[in-house]
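Take a look at the structure below.
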Amino acid sequence: MRVHATAINPLDLQIRRGDYADYVPLPAVIGHDISGVVEEKGADVSEFDIGDEVYYTPKIFGGPGSYAEQHVAEVDLVARKPHNINHLEAASLTLVGGTVWEALVSRAQLAVHETILIHGGAGGVGTVAIQLARAMGARVITTARPSNHELVRSLGADEVIDHTADDYVAAVADLTHGHGVNVVFDTIGGDTLTRSALALADAGRVVSIVDIAQPQNLVDAWGKNAAYHFVFTRQNRGKLDALTNLNERGLIKPVIGAVLPLARVGEAHELLDGGSSRGLRGKVAIDVVGETVELPVP
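If you want it as structure tokens, here you go:
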């Protein structure tokens, strides 16, 4: 593949600082999002032709990543890029989109008319999760700082909790008349994950994509008859094809908060690491073939 664009994920930051040194010895080429064009293919590959636009997540912990001009991938990982978005947008959808699909569809099995609480609605994962939950027919409650309320509502959030001023557990109780939510999707971890059980309805589900950095007291979860799922996603073409369908129907769109060229990928890591304190909303995309620079306004 000729890589046209990639994007930055928290996983990239974790690998860079050595969190997964047993799996990815440093130095290494990292990165987990690719949108580009097929340049060569194996003799047995019939699904794609030279020149096809594709997008995918490279095999995690399975070889060189996406911070590169060219990449070789197993065909089962690769999907056709949505026709109505550009490479920067497509690269901003692959890993987060597949992760959200696994979390809400495969693990939580979110149903029509259920209520979901999405922690961190303005982030790269949260912005996609809101849209998918809305497309699945759920009532969506999310947390975001006031400056991001308009954004998350535009993506499909029915209710927004100001996590900088309000206790989300009390707010959920008010919004659900004491019943709680059917699903909590955690993108924050820490105390946010610990207290999520308090926001659940009976037999609710918590899905977290964050490493467990501290012991969790699950007494409240036990009392709710809750189920917990911890997701470290594995990618495949099926998830991307489903996302392509939703994107081309206008139900999901990537949200890009910043764009930098590949030569400035270190700066892109710093930007993601600073997160909302630097005014970032959505994904940080990397222009591999050009010199695009778009930075958030703090």
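Position in the sequence shown (from 1) plus 968 gives the number in the numbering used here. The beta-carbon is built from N, C-alpha and C at its ideal position, and this holds for glycine as well.
*Whole-number beta carbon distance between Thr-1062 and Thr-1025, since they are thought to touch under 8 Å*: 5 Å
*Could you spell out where the beta strand (DSSP E) holding Ala-973 opens and where it closes?*
From DSSP, the beta strand (DSSP E) with Ala-973 extends over 970-976.
*Give me whichever residues DSSP pairs with Phe-1016 in a beta bridge.*
Its beta-bridge partners do not exist; DSSP assigns none.
*If you follow the beta strand (DSSP E) that Gly-1035 is part of, which residue opens it and which one closes it?*
In the sequence as displayed, the identity of residue 1035 is Tyr instead of Gly. That residue, Tyr-1035, is in no beta strand (DSSP E); it is neither H nor E in DSSP.
_Taking only three categories from DSSP, how would you classify Leu-1228?_
strand
*asked:* Helix, strand or coil for Gly-1157? Go by DSSP, reduced to three states.
replied: coil
*To which residues of the same chain is Leu-1143 closer than 7 Å at the C-beta, ignoring the five residues directly before and after it?*
Ile-1109 and Glu-1127.
*State the Cα-Cα distance for the pair Asn-1193 and Ala-1138, rounded to the nearest angstrom.*
20 Å
*Taking 8 Å as the threshold, find out whether the segment 1181-1201 comes into contact with the segment 1152-1171 through three or more Cβ pairs.*
yes
*Indicate whether the contact test is met: 3 or more Cβ pairs, each with one atom in the segment 976-995 and one in the segment 1161-1168, closer than 8 Å.*
Result no; under three Cβ-Cβ pairs closer than 8 Å.
_Quick check on this structure: which residue in Val-992, Lys-1251, Val-1006 and Ala-1226 has the alpha carbon closest to the alpha carbon of Lys-1027?_
Val-992
*Give the straight-line distance between the Cα atoms of Ser-1245 and Phe-1016, rounded to the nearest whole angstrom.*
42 Å
_Residues bridged to Thr-1062 [DSSP beta-bridge criterion]_ = The partner list for Thr-1062 (beta bridge, DSSP) is empty, contrary to what the question assumes.
*asked:* I'd like the span of the alpha helix (DSSP H) that includes Ser-1122, first residue to last.
replied: Under the DSSP assignment, Ser-1122 falls in the alpha helix (DSSP H) whose first and last residues are 1117-1123.
*Between the Cα of Tyr-1136 and the Cα atoms of Glu-1057, Val-1064, Ile-1084 and His-1197, which residue gives the shortest distance?*
Ile-1084
*Alpha carbon to alpha carbon, how far is Ser-1003 from Arg-1205? Give it in angstroms, no decimals.*
14 Å
*Would you kindly check if the distance between the Cβ of Ala-1071 and the Cβ of Val-1149 is under 8 Å?*
no
*Taking all protein chains shown into account, decide if Pro-1183 is buried (16 or more other Cβ within 10 angstroms of its Cβ) or exposed.*
Around the beta carbon of Pro-1183, a 10 Å sphere encloses fewer than 16 other beta carbons of the protein chains shown; the residue is thus reported as exposed.
_Terminal residues of the alpha helix (DSSP H) in which Glu-1216 lies_ = 1205-1216
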